[in-house]
Amino acid sequence: MEILAVMCVGVLAGATVFPDSWKKANAAATLAATGLLIFSMGAMLGGRDGFVEQLASLGVASLLFAILPVVCSIAAVYVLSRLFMADITKRHAEDAARKQANDAVDADGGEAAMIAIAVGALVLGVVAGLVPVPLAPVDFLVAHSDWVLVFLMFCVGISVGGSKGLIGKIKQYHVRVLIIPFGIVAGSIVGGLIAAPLCGLSLPVGGAIASGLGWYSLSGVMLTGIAGAEVGSITFLANLLRELISFFSIPWIARHLNYPTCIAPAGATSEDTTLPMMIRCTNGETVVLSVVNGVICSALVPVLIEFFRAFM
Numbered sequence: 002m003e004i005l006a007v008m009c010v011g012v013l014a015g016a017t018v019f020p021d022s023w024k025k026a027n028a029a030a031t032l033a034a035t036g037l038l039i040f041s042m043g044a045m046l047g048g049r050d051g052f053v054e055q056l057a058s059l060g061v062a063s064l065l066f067a068i069l070p071v072v073c074s075i076a077a078v079y080v081l082s083r084l085f086m087a088d089i090t091k092r093h094a095e096d097a098a099r100k101q102a103n104d105a106v107d108a109d110g111g112e113a114a115m116i117a118i119a120v121g122a123l124v125l126g127v128v129a130g131l132v133p134v135p136l137a138p139v140d141f142l143v144a145h146s147d148w149v150l151v152f153l154m155f156c157v158g159i160s161v162g163g164s165k166g167l168i169g170k171i172k173q174y175h176v177r178v179l180i181i182p183f184g185i186v187a188g189s190i191v192g193g194l195i196a197a198p199l200c201g202l203s204l205p206v207g208g209a210i211a212s213g214l215g216w217y218s219l220s221g222v223m224l225t226g227i228a229g230a231e232v233g234s235i236t237f238l239a240n241l242l243r244e245l246i247s248f249f250s251i252p253w254i255a256r257h258l259n260y261p262t263c264i265a266p267a268g269a270t271s272e273d274t275t276l277p278m279m280i281r282c283t284n285g286e287t288v289v290l291s292v293v294n295g296v297i298c299s300a301l302v303p304v305l306i307e308f309f310r311a312f313m
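So the sequence shown is numbered by this note's numbering: it starts at 2 and just counts up by one.
See below:
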């Protein structure tokens with residue numbers, strides 16, 4: 002909740018005192034913070050005990066539990082948004098057309114730059130984590146990555162606050178704000194149930210792994226205690242991969258499907274770490290929906306895992 006409070010402060014600042022002339026500087030700061038966060042995730046991943054061995058033995062299962070829930074979530078949210086949010090997706094399509102026209106004029110390659118930074122930061126982070134000698138700056142960054150996230154959320158809040166007329170648009174949603182998290186949860190669980198037999202796991206375990214919805218730290222710890230170290234490692238890797246897959250899939254979804262569906266791969270992370278890509282590829286209205294979805298999905302993660310635990 003502290004993260005959301007920081008974002009609200011950023012929204013207030015962006016709507017009142019933040020000068021328009023500083024928008025490019027805020028965008029650069031957002032990009033830098035995103036790169037640092039991904040680097041710290043890579044370093045944390047590479048620094049895990051037995052990471053190379055786990056990657057070899059559990060990598061395929063983790064990849065299946067990342068890809069299938071993402072694909073099923075995208076499909077579910079896309080269908081539901083077409084059925085129940087047609088007016089909103091039409092408005093977003095108009096925004097997307099204007100955005101693509103502006104991008105063609107500006108030719109700034111912003112999305113490609115963000116993806117390149119994400120890939121580079123991840124690779125460098127994993128390499129730094131694998132180095133057997135402790136690296137003080139890397140260890141410091143990993144230990145204080147929460148502060149980087151706080152700074153990122155403040156910058157994101159400024160971007161959202163600078164968008165005019167958002168509150169009036171959001172009031173049009175009412176109960177439809179639940180459509181996106183419903184599609185993500187349903188799609189993720191279906192994907193986990195499909196992946197389970199392919200990996201030699203029971204259906205309840207597969208459902209529990211997919212119920213992480215991208216929140217790798219909490220779900221990994223919970224499943225380690227419930228089902229053992231192997232399942233816990235798969236859960237951690239799969240949900241971390243889901244978060245990373247989001248960075249690379251959001252631009253494609255924004256161009257070829259619709260803006261609400263961009264939220265689907267992110268799951269619970271749509272309220273924080275994947276927001277910079279949302280800002281880059283969608284619009285302010287979608288960013289607000291993304292935050293709401295992230296709050297709902299994050300609250301559901303422990304509930305869903307405990308639900309499947311009852312059937313193990």
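Cβ coordinates follow ideal geometry from the N, Cα and C atoms, glycine included.
Gly-233 counts as buried, since at least 16 other C-beta atoms from the protein chains shown sit within 10 angstroms of its C-beta. Across the structure, Phe-183 and Ala-300 are spaced so that their CA atoms are roughly 13 angstroms apart.
Distances from the CA of Ala-34 to each of Gly-207, Ala-230 and Met-154 were compared; the closest alpha carbon is that of Met-154. Secondary structure of Cys-200 (DSSP, three-state): coil. Per the coordinates, the alpha-carbon of Gly-208 lies some 37 angstroms from the alpha-carbon of Val-10. In the structure shown, the three-state DSSP call for Arg-256 is helix. Under the three-state reduction of DSSP, Arg-243 is assigned to helix. Proximity of the region 192 to 209 to the region 285 to 296 falls short of the contact definition, fewer than three beta-carbon pairs being nearer than 8 angstroms.
Put simply, the region 142 to 157 does not touch the region 263 to 271. Fewer than three CB pairs are less than 8 angstroms apart. In the three-state reduction of the DSSP assignment, Pro-133 falls in the coil class, being assigned neither a helical nor a strand state.
8 angstroms or more divides the Cβ of Ile-251 from the Cβ of Met-223. Excluding five sequence positions before and after Ala-14, the CB atoms of its chain that fall closer than 6 angstroms to its own CB belong to Ile-159, given in chain order. The continuous alpha helix (DSSP H) containing Asp-147 extends over residues 146 to 162. Taken through DSSP and simplified to helix, strand or coil, Ser-212 comes out as coil. Here the alpha carbon of Gly-47 sits roughly 34 angstroms from the alpha carbon of Tyr-79.
Taking the CA atoms as reference points, Ile-306 sits about 43 angstroms from Val-18. In this structure Ile-180 touches Ser-82 by the C-beta definition: roughly 7 angstroms separates them, less than 8 angstroms. Judged by beta-carbon spacing, Val-149 lies within the 8 angstroms limit of Ser-41, meaning their Cβ atoms are closer than that value. The C-beta separation of Leu-32 from Pro-266 comes to about 20 angstroms, leaving the pair out of contact by the 8 angstroms criterion. Separation of the CB atoms of Gly-193 and Pro-70 is rounded to 6 angstroms, and the pair is thereby assigned contact status at 8 angstroms. A distance below 8 angstroms separates the beta carbons of Leu-125 and Gly-43. The three-state secondary structure of Pro-138, taken from DSSP, is helix. Shown here, Pro-20 sits in coil according to DSSP, grouped into three states, outside any helix or strand.
In this chain, the alpha helix (DSSP H) harbouring Val-292 covers 285 to 310.
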